[in-house]
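Working notes, beginning with the structure itself.
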Amino acid sequence: MGEKVGSGQLAALASRQSREWLDNMALRLKSIVTMGVLGASWFATGHEARADGLPLNRFDPAPMGDRMFGVQSPYVAGHLTPHVGLILDYAHNPLVLRNTETDDKTGNIVTGQLFAHLNGTLPLFERLHLNVDVPFALYQDGENPSEAGSLPSASGAQMGEVRAGLRLRLLGEYHDAFQLGLAGYAWLPTGPSDGYVGNGKVRGMPQLVVGGRSESVVWSAAAGPQFRAGQSFANVSDGTQLNAGAGVGFLFGDKKQFQVGPEVYAAFTLSTDDKALHDDAARNSNVELLLDGRWRFLEHFEAGLGVGPGLTTGLGTPSFRGVFMLGFTPSQEKAAGPYDTDGDGITDDLDACPNVPGVPSDDPAKHGCPADRDGDGILDINDACPDVPGVATDDPKTNGCPPDRDGDGIIDSLDACPDVPGVATDDPKTNGCPPDRDGDGIFDAQDACPDVPGVASDDPQKNGCPPDTDGDGIIDSEDACPTEAGPRDPDPKKNGCPTVHVTDKEIVILEQVQFDTNKATIRAVSDELLDKVAAVFKDHPEILKVEVQGHTDNTGAPGYNKGLSQRRADAVVAALVKRGIDRARLVGKGYGQEQPIADNGTDEGRQKNRRVQFQIIERQPKTEGTK
């Protein structure tokens, strides 16, 4: 406890971390954070610690049969059905002195307390219960450093202060989500007044208790003032307190026999009779957290264990607390008579599914359970397709429905395309498949030409479209030259063909070589055409010899026409040689008017007869790599 009188040092209870925890509380609570500090002024004024007793233990067990360890539950059930048990409560370092300047520990006044509580409850008329808690300090240990003045030593087994009380259930049944009760308790001065188990004075506390229960959760909260005689203990005020607590428990197991959850309880000094101690910072404060678990076994017995830290530095707040409970606590549900927890009109004792509304059944294993009309093992209340056997899924909209892997609303057993969303049809072969309007086997969603039968392609822009081998935009069925790209032409024989292209028998030109009238002079407009013819020769080395044929219409003398056609054929040969074509591959020959291809009686026919043709007269088989 620091140095001797006049040192100016402070001795504090417990650790400083709790002060940080309370810094975020409201202004009133912030003034209480430091209430556990033992001031050096206590020594400076010449006062010594009085030998008055101090009820150090701040753990008040809930009545046996309640759902929490330190927080009361509002419900009362049964009549003259006792609940009895043993509660062991160990507090570690509930009273430690520290030097506030150095934070050094100066004394472990009380290092440990182990209490045994004999706790019993007797319910009356399913509305009222009586409770008594008899504590015994089985173990106490600590130091009495010289700095602590005349503080009593913590040692030996001692009886504590007996607590007696009653509780009245005002509202709510055992399974209701909200319940309300009133309680009142008194502590009798049965323990010695010169130690850490009592102070020889009577204490009393009224409480308002609320709580509730659902299928898997219980909760409780309680608050009320504890009227205590004011006293000081090493410059810390302890008097009337506000006691409060809250807890929640989560139930699990096939019979909800296990419960786990946290609870927190606290006490804040509201007033003191010691007029000399008016500093709010010196008022005592206690906050503890307990994490506990309970197990109901053999129907009427319970065992529990709780552990947790103290969260403030007040007198009696330990650094760590452990609680063990073993009790005889008959089921409150049976004590209150037959219940119908799920409200389905079938009492729990006959209901195979007491927590889920169901329907009557001749089968005891199904009586009171929800219906399963389709027998798929999924209850109708959870079955999205209660009249059709299905399978379990995580999606409430499909749970219990026949499988529909592609989610198109057509179950797999009827879906011709179970892995691809589709549409319903009357044809079992296409039912559930995506639409294919053109029937080419390529679904419309992937068909670039959904209304025209086509073929599959790796190119999304061509997939499902009719084939276009040369890629000129003219489908093969309409393309006169399906392997050579060419423009559209109203003439089916020319449609899709390039201006110059090769057939088995000739090099076809779709344009005429233009000459000056009655001359063999090739017009400049035909230069591009002859360039293309020369390019064909170069691309097709397998063509060894071509007869360049000149033809005329029947206008004029036959002899003149034949000579003109020969000269024009020779002019074309010369033009090709000029463009790099070997002269040996070319033979020029004029046929005059001997081989018309149209009616010379019309202008149109005569125009067609005036022509140059490239007839292949010798070729060798193509070699690999040639076009």
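The opening position of the sequence shown corresponds to residue 2 in the working numbering, with each subsequent residue numbered one higher.
Heads up, the beta-carbon is just placed ideally off N, CA and C, and yes, glycines get one too.
Per-residue burial, residue i [other beta carbons within 10 Å of its own, 16 or more giving buried]
i, result
"Ala637", "The requested residue 637 is not part of the displayed model; the chain covers only 2 to 628."
"Pro397", "exposed"
"Ala12", "With a pLDDT of 32 at Ala12, under the threshold of 50, the modelled position of this residue cannot be trusted, and the question is left open."
"Ala585", "exposed"
"Leu28", "Summary for Leu28: the model assigns pLDDT 35, below 50, so the residue's position carries little reliability; its value from the coordinates is reported in the next sentence. By the 10 Å Cβ count, Leu28 comes out exposed."
"Glu264", "buried"
"Phe70", "buried"
"Ala277", "In this prediction, Ala277 scores a pLDDT of 42, lower than 50, which makes its location untrustworthy; the coordinate-derived value is nonetheless stated afterwards. Flag for Ala277 reads exposed."
"Glu216", "exposed"
"Thr522", "exposed"
"Ile508", "buried"
"Phe538", "buried"
"Ala570", "buried"
"Asn58", "buried"
"Asn610", "buried"
"Asn519", "exposed"
"Ala525", "exposed"
"Gly307", "buried"
"Gln208", "buried"
"Phe60", "buried"
"Arg68", "buried"
Distance, residue j Cα to residue i Cα
i, j, result
"Asp375", "Asn383", "12 Å"
"Ser42", "Val163", "With a pLDDT of 28 at Ser42, under the threshold of 50, the modelled position of that residue is not reliable, and no figure is offered here."
"Leu292", "Phe251", "12 Å"
"Val588", "Gln608", "24 Å"
"Thr348", "Gly212", "24 Å"
"Val357", "Pro371", "7 Å"
"Arg204", "Gly294", "30 Å"
"Asp420", "Gln260", "45 Å"
"Thr191", "Asp352", "49 Å"
"Cys498", "Val534", "14 Å"
"Leu125", "Ser332", "15 Å"
"Ile617", "Tyr592", "16 Å"
"Arg612", "Cys450", "41 Å"
"His93", "Asn287", "14 Å"
"Asn601", "Pro454", "44 Å"
"Val249", "Gly410", "44 Å"
"Asp477", "His502", "16 Å"
"Ser233", "Leu183", "31 Å"
"Val514", "Arg568", "13 Å"
"Phe44", "Gly108", "In this prediction, Phe44 scores a pLDDT of 27, lower than 50, which makes its location untrustworthy; the coordinate-derived value is nonetheless stated afterwards. Going by the C-alpha atoms only, they are around 16 Å apart."
"Phe615", "Leu545", "12 Å"
"Tyr186", "Asp395", "51 Å"
"Ile412", "Ala446", "21 Å"
"Glu548", "Lys506", "11 Å"
"Ser156", "Gly346", "60 Å"
"Leu327", "Gly86", "6 Å"
"Thr82", "Pro361", "32 Å"
"Asp460", "Asp448", "11 Å"
Where the beta strand (DSSP E) through residue i begins and ends
i, result
"Gly408", "No beta strand (DSSP E) holds Gly408; DSSP gives it neither H nor E."
"Arg297", "Ser286 to Phe298"
"Phe302", "Phe302 to Gly309"
"Val219", "Val218 to Gln227"
"Leu171", "Arg164 to Leu172"
"Asp239", "Val237 to Asp239"
"Val210", "Arg204 to Arg214"
"Lys546", "Ile544 to His552"
"Asn601", "Taken as a continuous stretch (DSSP letters only), Asn601 belongs to no beta strand (DSSP E), as it is neither H nor E."
"Val133", "Leu129 to Asp142"
"Pro263", "Phe259 to Ser272"
N- and C-terminal bounds of the alpha helix (DSSP H) containing residue i
i, result
"Gln567", "Pro559 to Lys579"
"Glu605", "Asp604 to Asn610"
"Val453", "Element bounds for Val453: n/a, residue is neither H nor E."
"Lys590", "Element bounds for Lys590: not the alpha helix (DSSP H) but the beta strand (DSSP E), Leu587 to Gly593."
"Phe179", "No alpha helix (DSSP H) contains Phe179, which DSSP labels as neither H nor E."
"Asp540", "Asp528 to Asp540"
8 Å Cβ cutoff, residue i in contact with chain C
i, result
"Leu115", "The question asks about chain C, but that chain is absent: this structure has only one protein chain."
Would you list, in sequence order, the uninterrupted beta strand (DSSP E) runs of no fewer than 3 residues that lie entirely inside the region 64-110? 84-100
Quick check for students: name the residue ranges of the beta strand (DSSP E) that lie wholly in the region 303-389, counting only runs of 3 or more. 321-329
Counting beta carbon pairs with one atom in the region 359-367 and one in the region 112-120, are three or more of them shorter than 8 Å? no
Pairing CB atoms from the region 241-248 with CB atoms from the region 317-326, are three or more of them under 8 Å? no
Length-filtered (3 minimum) beta strand (DSSP E) runs lying within the region 437-508: 501-503
Three or more C-beta pairs below 8 Å linking the region 456-471 and the region 569-585: no
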